[in-house]
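Remarks on the structure that follows.
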Amino acid sequence: MRGRSYTPSPPRGGYGRRRRSPSPRRKYAARDDRDYPTSLLVRNLRHDCRPEDLRRPFGQFGPLKDIYLPRDYYTGQPRGFGFIQYVDPADAAEAKYQMDGQILLGRELTVVFAEENRKKPADMRARDRVRGHSYDRRRSPRSPRYSRSSPRLHARDRSRSRGYSPSPRRREYSRRASRERSYSRSPAHNGSRSRSRSPIRGRARSPNATYSREPSRDSR
DNA sequence: GTTGAGCGTT
């Protein structure tokens, strides 16, 4: 009997049973009424805040599925907000209600439901262009040289905390693996020729002994 | 089957 009495505490006037009102936009699009959002957007996070810091306070309400703190792609600096996904939407609702306005590390958190739509790299790229100020892709007035910090460098840091919940056990595993290669998840694929998308110059990766099967040697 | 450049950063 786990009669855990959830107190979803619906936001102002409840979630609304799909009102016929001409809402300009459904708050939680792509979700049915019975399917409440499980992701929360936590705002006003301290820049020092790490996923682990959030896990404890937010984990009180239920199992967390994921925690992710977006960072600036170029600078790698935390953006001050994060996403917390719950397994159970009821927990998410509860957490939102309880944590909204709470103080974490001296900052008052703002917790709201997150949209389900994740942003893709392609979107960010487009956005960057728009934000960049009439970006003339031909040649920008200012060379966006962000040679200072590269996401890749942060990738190293990411190896430790990874940003999202790593299984403790897995970490052990990863620790060993992170010795040599395994750096394949950087924005810069540095494939061989396309090095345009990434702000940083991907270091020329060794060909890594491609398994080029000799065309004429495989006889059977 | 997933996504880690996630919307809301001062």
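Residues 1 to 220 (the UniProt record's numbering) make up the first sequence, in order. Every residue gets a Cβ at the ideal spot worked out from N, C-alpha and C, and that includes glycine.
Three-state class that DSSP yields for proline 37 in the structure shown: coil
Outcome for valine 111 when other beta-carbon atoms lying within 10 angstroms are tallied against a minimum of 16: Valine 111 should be labelled buried.
Inter-stretch contact (C-beta, 8 Å, three-pair minimum) for the stretch 72-83 and the stretch 37-48: yes
Start-to-end residues for the alpha helix (DSSP H) that takes in phenylalanine 81: Here phenylalanine 81 belongs to no alpha helix (DSSP H), and DSSP marks it neither H nor E.
Where alanine 114 falls, given that 16 or more other Cβ within 10 Å makes a residue buried: It counts as buried.
Beta carbon of arginine 39 nearer than 8 Å to that of glutamine 98: Sequence inspection shows serine at residue 39; the arginine mentioned does not correspond to that position. Not a contact, by the Cβ cut-off of 8 Å.
Spatial distance of alanine 92 from arginine 127 (CA atoms): So the alpha carbons of these two residues sit roughly 29 Å apart.
Length of the line joining the Cα atoms of serine 140 and asparagine 117: Because the pLDDT of serine 140 is 34, which lies under 50, any placement of that residue in the model is unreliable, and the question is left without a value.
Which residues DSSP lists as bridging tyrosine 68, in chain order: Phe83
Helix, strand or coil at phenylalanine 58 [DSSP, three-state]: helix
Bridge partner(s) assigned by DSSP for arginine 43: In DSSP, arginine 43 forms a bridge with Thr110.
Contact set for proline 89: own chain, Cβ-Cβ below 6 Å, skip 5 residues either direction: Tyr36, Thr38
Best match in Ala95, Asp72, Arg71 for proximity to residue 254 [C-alpha to C-alpha]: The chain is shown only over 1 to 220; residue 254 falls outside these bounds and no answer can be derived.
Nearest residue (CA-CA) to leucine 69, options Asp123, Gly62, Asp48: When each option's Cα is compared against that of leucine 69, the closest is Asp48.
Contacting residues, own chain, Cβ-Cβ under 6 Å from glycine 62 (five flanking each side not counted): Tyr86, Asp88, Asp91
Proximity of proline 57 and leucine 105 at Cβ, strictly below 8 Å: Their beta carbons are not under 8 Å apart, which means proline 57 does not touch leucine 105 by this criterion.
Among Tyr73, Gly59, Asp100, nearest to aspartate 123 - alpha-carbon criterion: Tyr73
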